[in-house]
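Protein chains in written order, with our numbering: chain C, 92 to 367; chain R, 31 to 322.
Yeah, the Cβ is synthetic: ideal placement off N, Cα and C, and Gly gets one too.
Take a look at the structure set out below.
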Amino acid sequence: MALRARLTQIWAYGSILLVLGVVLFLFVYVFAQGAGTISPEFLTDMPRGAVLGMEGGIFPAIAGSFAFTLTAIVLGGIPAVAAALYMVFYCKSRKKEGLLRAVIQCIAGIPSIVLGLFAYSFLVRDMGLGRCVLSSGTALAVMILPFIEVRAEKAFREVPLQVVQSSYALGCSRCHTILHVVLPTCRGELVSGIILGGCYAMGATAPLIFTGGVAFAAPPDSLLKPAMALPLHLYLLVAQGSTSLSTAYGTAFVMMAVILLSNLLATLYAGRSRHR
Amino acid sequence: MGRTLDRLFSIFILLLTAVAFLSLAFVIYFIVREALPTFAVVRPADFLFGQRWMPVDYGMEISFGIFNFIAGSVAVSLLAMLIASVVGLGAAVYLSCVASQRARDLIYPFVDLLAGIPSVVYGFIGIVVLLRIFMRAGVHTGSCLLAAAILLAVMLLPFLVSSCSETMLKARRSYLPAADALGVDRWYAIASIVLPASRKNILFSMILAIGRAMGETMAVMMVMGNANLFPTLLGKGESIASVIALEMGTAVAGSTHYHALYAAGLVLMLLVFLINTAIMLLRRRLIGREEG
């Protein structure tokens with residue numbers, strides 16, 4: 092009896108320490124190994140070297156990742172927020188709500204590599220867009236749609252019902268209520284959901300490989316051109332073997348820093364609006 | 031004017047909501063459309079249960095059998111889920127039953143950072159850290175199923191920790207005060223009341239985690255060795271997602287190879303859908319009855 096209790100105790104403390112240790116290790120390891128590579132030139136230069144990427148910087152990959160992420164946020168974030176609004180404020184039948192929820196869950200379940208296949212067949216081939224930021228961005232948009240929808244819906248449901256009802260009772264239309272009461276109230280959560288969705292899109296490689304991410308390109312100046320991306324660049328550097336190890340650490344450093352900062356920003360932003 | 035605006039806004043919202051439906055329909059349509067021609071060449075049973083994958087004619091007869099890849103995906107996901115559950119559940123016990131609200135508010139976002147790390151970074155760290163350890167332990171080249179499963183387990187942790195501790199927090203709130211009042215040892219109460227009471231939901235989270243793990247591509251691909259073998263713990267293996275990611279770039283558009291990769295994608299998608307639907311139905315049936 093007592094043994095079982097003690098074992099549970101050891102297990103719980105051991106596990107939480109292990110989990111926290113793993114998180115700490117991942118960030119500290121990448122930051123420690125990558126710090127030596129990071130310099131203003133690394134962030135602003137083109138990849139160079141006998142084996143491309145061995146030397147030089149990662150500027151086109153940073154710019155490309157930015158383009159992919161922004162495209163995904165615009166294409167995926169807007170329908171996601173709209174679907175959440177529909178779910179909370181428009182839908183009156185439980186059946187429709189259940190159906191929409193099932194659809195969102197299904198989309199969340201689609202493996203990201205399958206979204207790459209989809210974008211390849213639909214956009215790259217059928218629509219004739221070729222490999223470009225838009226093709227990949229669409230795949231990423233579908234990927235982050237459920238991610239943002241779930242967070243937006245949660246934020247909308249936390250708006251006190253009295254506030255919404257009062258607005259209706261004062262004669263405000265649904266449109267007015269949403270734009271002037273609901274959205275300002277949960278702006279923090281909404282923005283933080285979108286930031287985290289953007290992070291999720293930024294880190295994805297599988298949907299880019301054959302739809303618009305390439306090994307080398309100039310910083311993108313059009314949605315219809317292919318571009319480099321940080322995670323794909325890292326993958327290719329790693330595939331090249333040990334010669335590109337230091338630039339690989341540098342690239343990983345940049346991504347981990349973006350993740351850490353975005354999470355911090357999202358937490359602060361969500362917290363700030365809640366306390367106001 | 032206000033009413034027209036309101037009407038327009040509703041239509042706008044409705045149209046955008048339809049985008050969600052459309053994207054699911056489009057994904058399924060395009061994957062199925064590109065997958066079907068495979069089965070004009072290969073019988074579905076041979077495709078699913080065949081062990082030879084020779085997509086390009088190098089003198090040997092071409093054949094398309096993805097059984098080893100399916101087994102690889104399932105094995106690595108299952109193993110990752112088991113590893114992640116042991117650690118994740120323990121951490122959830124701590125978070126739900128021991129930690130103060132303040133500690134929880136600090137630890138949750140910290141653990142959630144794991145979910146934000148790109149899978150390529152996991153793969154990279156897997157190669158430079160995990161594979162070296164395995165190599166030193168005597169595994170040839172280091173890449174193996176176990177290494178991929180450990181890496182994947184870390185990626186599953188944030189999901190398992192948050193969903194399990196949420197469940198256990200509920201159980202703890204309804205049972206632990208009574209146990210405390212009776213003077214029962216806290217850890218004994220956790221082991222014999224809180225954990226069994228959350229058993230079902232924990233099981234659901236574990237199965238859902240398998241579904242999530244199966245869709246993972248990059249990290250698994252980078253450390254699993256990518257050889258068409260039946261998966262063994264310390265042997266190389268290849269997952270469905272890896273085959274697609276590795277070969278899509280070289281498959282000639284419109285060839286059977288190309289279509290077979292879509293068919294593999296379809297199988298992967300169906301596997302995940304199957305798991306998710308089964309959980310949804312089970313949850314409705316088991317939990318719905320208890321909680322009304």
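Cβ neighbour criterion (16 or more within 10 Å) applied to residue i
i: residue 209 (chain C); result: buried
i: residue 322 (chain R); result: Because the pLDDT of residue 322 (chain R) is 34, which lies under 50, any placement of that residue in the model is unreliable, and the number read from its coordinates should be weighed accordingly. Answer is exposed; the Cβ neighbour count stays below 16.
i: residue 89 (chain R); result: exposed
i: residue 291 (chain C); result: buried
i: residue 37 (chain R); result: exposed
i: residue 124 (chain R); result: buried
i: residue 153 (chain R); result: buried
i: residue 218 (chain C); result: exposed
i: residue 60 (chain R); result: buried
i: residue 345 (chain C); result: buried
i: residue 207 (chain R); result: exposed
i: residue 249 (chain C); result: exposed
i: residue 183 (chain C); result: exposed
i: residue 101 (chain C); result: exposed
i: residue 225 (chain R); result: buried
Distance CB(residue i)-CB(residue j) smaller than 7 angstroms
i: residue 239 (chain C); j: residue 146 (chain R); result: no
i: residue 35 (chain R); j: residue 266 (chain C); result: yes
i: residue 325 (chain C); j: residue 342 (chain C); result: yes
i: residue 323 (chain C); j: residue 224 (chain C); result: no
i: residue 193 (chain R); j: residue 149 (chain R); result: no
i: residue 153 (chain C); j: residue 289 (chain C); result: no
i: residue 114 (chain R); j: residue 261 (chain R); result: no
i: residue 156 (chain C); j: residue 295 (chain C); result: no
i: residue 206 (chain C); j: residue 298 (chain C); result: yes
i: residue 226 (chain C); j: residue 215 (chain C); result: yes
i: residue 330 (chain R); j: residue 241 (chain C); result: Residue 330 (chain R) cannot be examined here, being either before or after the span of chain R that is shown, 31 to 322.
i: residue 120 (chain R); j: residue 268 (chain R); result: no
i: residue 243 (chain C); j: residue 190 (chain C); result: no
i: residue 132 (chain C); j: residue 139 (chain C); result: no
i: residue 99 (chain R); j: residue 290 (chain R); result: no
i: residue 292 (chain R); j: residue 65 (chain R); result: yes
i: residue 222 (chain C); j: residue 311 (chain C); result: no
i: residue 276 (chain R); j: residue 169 (chain R); result: no
Residue(s) in a DSSP beta bridge with residue i
i: residue 217 (chain R); result: Answer is none; residue 217 (chain R) lacks a bridge partner.
i: residue 255 (chain R); result: R:267
i: residue 138 (chain C); result: C:147
i: residue 301 (chain C); result: DSSP, once it has assigned bridges, lists no residue as partnering residue 301 (chain C).
i: residue 94 (chain R); result: R:83
Reduced DSSP category for residue i - H, G, I as helix; E, B as strand; rest coil
i: residue 308 (chain C); result: coil
i: residue 318 (chain C); result: strand
i: residue 228 (chain R); result: coil
i: residue 260 (chain R); result: coil
i: residue 99 (chain R); result: helix
i: residue 222 (chain C); result: coil
i: residue 327 (chain C); result: helix
i: residue 322 (chain R); result: Only weak support is given to the placement of residue 322 (chain R): the predicted model assigns it a pLDDT of 34, under 50, and the value that follows is read from those uncertain coordinates. The answer is coil: DSSP assigns residue 322 (chain R) none of H, G, I, E or B.
i: residue 174 (chain R); result: coil
i: residue 280 (chain R); result: coil
i: residue 247 (chain R); result: coil
i: residue 230 (chain C); result: helix
i: residue 43 (chain R); result: helix
i: residue 358 (chain C); result: helix
i: residue 129 (chain C); result: coil
i: residue 73 (chain R); result: coil
i: residue 237 (chain R); result: helix
i: residue 138 (chain R); result: helix
i: residue 202 (chain C); result: coil
i: residue 184 (chain C); result: coil
i: residue 88 (chain R); result: coil
i: residue 307 (chain R); result: helix
Reference residue i, options the options, closest by Cα
i: residue 307 (chain C); options: C:164, C:294, C:321; result: C:321
i: residue 333 (chain C); options: R:162, R:276, R:53; result: R:162
i: residue 204 (chain R); options: R:175, R:187, R:223, R:214; result: R:223
i: residue 251 (chain C); options: C:230, C:317, C:274; result: C:274
i: residue 285 (chain R); options: R:69, R:129, R:54, R:304; result: R:69
i: residue 171 (chain R); options: R:218, R:255, R:226; result: R:255
i: residue 231 (chain R); options: R:313, R:76, R:136, R:130; result: R:313
i: residue 258 (chain R); options: R:112, R:80, R:42, R:72; result: R:80
i: residue 107 (chain R); options: R:206, R:282, R:229, R:298; result: R:298
i: residue 98 (chain C); options: R:67, R:83, R:217; result: R:217
i: residue 57 (chain R); options: C:142, C:198, C:96, C:107; result: C:198
i: residue 112 (chain R); options: R:209, R:182, R:96; result: R:182
i: residue 237 (chain R); options: R:196, R:247, R:310; result: R:310
is_contact[residue i, chain D] using C-beta, thresh 7 angstroms
i: residue 326 (chain C); result: Here chain D cannot be found, since the structure's protein chains are C and R.
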